[in-house]
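Numbering-wise, the sequence shown is residues 1 to 301 according to full-length UniProt numbering. We put the CB at the ideal spot given by N, CA and C, even for glycine. Only a predicted model underlies this, so the values are computations on that prediction, with no experimental measurement involved.
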Amino acid sequence: MNYQPSLNDLKAFACIAARQSFRKAADDLALAPSTLSHVIRSLEENLGVRLFHRTTRSVALTEAGEQLLARLQPLLRDLDFALEEVNSFRSKPSGVLRINTSEIAISMLLDDVVPAFLAQYPEMSLDLVSDGRLVDIVAEGFDAGLRLGESVPQDMIAVRFGGETRFLAVASPDYFDRHKPPQSPDDLKHHHCIRHRMPSGKLYQWEFERHGQEVRIDVPGALTLDHPGMMVKAALAGLGIAYVPLFLVADALDTGRLVNVLDDWCPTIPGLHLYYPGHRHVPKGLRAFIDEMKAHMKKTG
1 MNYQPSLNDL KAFACIAARQ SFRKAADDLA LAPSTLSHVI RSLEENLGVR
51 LFHRTTRSVA LTEAGEQLLA RLQPLLRDLD FALEEVNSFR SKPSGVLRIN
101 TSEIAISMLL DDVVPAFLAQ YPEMSLDLVS DGRLVDIVAE GFDAGLRLGE
151 SVPQDMIAVR FGGETRFLAV ASPDYFDRHK PPQSPDDLKH HHCIRHRMPS
201 GKLYQWEFER HGQEVRIDVP GALTLDHPGM MVKAALAGLG IAYVPLFLVA
251 DALDTGRLVN VLDDWCPTIP GLHLYYPGHR HVPKGLRAFI DEMKAHMKKT
301 G
């Protein structure tokens with residue numbers, strides 16, 4: 001076969017496979033969805049095989065597509081490494097750094113780390129993707145992830161960002177004027193709890209621990225939300241008890257707008273960690289970002 005697809009066409013194919021969506025891949029590649037669709041149709045026609053099964057709701061690789069992706073991914077990674085090695089000869093890093101994390105973590109980064117990083121490295125661009133689900137950062141083309149330490153895959157190198165944290169059960173003083181505060185996790189069964197729906201669609205069971213005793217509670221409640229920030233807002237409105245990270249409610253606890261209960265059942269857990277694969281060459285831009293994070297932690301104590 002004389003046909004040789006372009007590198008951009010192959011990258012487009014790999015991006016669609018990673019995102020499992022033409023629309024999301026088009027956004028990543030800064031292309032119109034119709035343009036991307038035309039690229040893949042041309043690629044399939046020239047190769048003489050179908051690479052994707054398409055419906056109005058989903059995109060999935062065919063057997064030929066899976067085989068092409070398996071061969072292509074190592075080549076694209078090697079190309080990225082080669083370009084990064086060349087980039088290392090520059091006096092300052094340049095290019096795009098892609099990090100997958102949560103909306104809350106992005107908000108924390110925007111307070112100080114991101115402005116300082118972009119000011120110091122004007123040839124770098126940051127692509128921060130907020131995602132409620134824990135993704136495979138390698139398969140989906142990210143340089144790093146940023147999650148709570150307990151969620152970081154064991155085969156990753158992790159760098160701490162901030163100290164330990166806790167999940168706390170909190171509600172407004174008004175709520176506790178109307179309801180007796182719980183004395184044990186089991187008492188939550190008699191309260192209005194603000195439940196959390198996870199990205200998988202499952203309801204999160206509240207987890208507590210004291211003196212080595214672990215308790216998981218499938219709490220009751222008329223209100224279910226899928227965003228911790230909205231859960232805090234609902235708690236402030238007196239709608240019930242929320243179970244959320246300490247850093248989201250620290251100010252409200254300090255000012256008395258929220259009250260903490262079951263404190264001795266809420267142990268500390270590892271805080272946020274930036275993580276990346278140890279078997280890959282670390283891009284110069286990622287090293288610079290990690291240095292900026294460490295400088296921020298040293299400054300804030």
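| query | result |
| --- | --- |
| Three-way DSSP call (helix, strand, coil) for E164 in this model | coil |
| Element boundaries [alpha helix (DSSP H), containing P277] | Careful: P277 lies outside any alpha helix (DSSP H), inside the beta strand (DSSP E) at 272-277. |
| Stretch-stretch touch, CB-based, cutoff 8 Å, three pairs: the segment 219-229 with the segment 181-199 | yes |
| For G95, the three-state DSSP class (helix, strand or coil) | strand |
| Spatial neighbours of D226 in its chain, beta-carbon cut-off 8 Å, leaving aside the 5 residues before and after | G132, H196, R197, M198, P199 |
| Buried versus exposed call for H273 [16 or more other C-beta atoms within 10 Å across all chains shown] | buried |
| C15, DSSP secondary structure in three states | helix |
| 8 Å CB neighbourhood of A18 in its chain, flanking five on each side removed | A25, A139, E140, G141 |
| Nearest-angstrom Cβ-Cβ length linking D143 and R77, presumed shorter than 8 Å | No, D143 and R77 are not in contact; Cβ-Cβ is about 12 Å, not under 8 Å. |
| Cα-Cα separation, F289 to F117 | 7 Å |
| Enclosing beta strand (DSSP E) for P245 [first to last residue] | 242-245 |
| CB-CB length for A12 against L69, believed under 8 Å | That belief does not hold up - the Cβ atoms of A12 and L69 are roughly 12 Å apart, past 8 Å. |
| Extent of the continuous beta strand (DSSP E) run through Q213 | 213-217 |
| Check whether V96 and D127 have beta carbons under 9 Å apart | yes |
| Cut-off 7 Å between Cβ atoms - residues of its own chain near P182, not counting five sequence neighbours on either side | L188, H191, V261, L262 |
| Within 9 Å, strictly: CB atoms of G162 and M230 | no |
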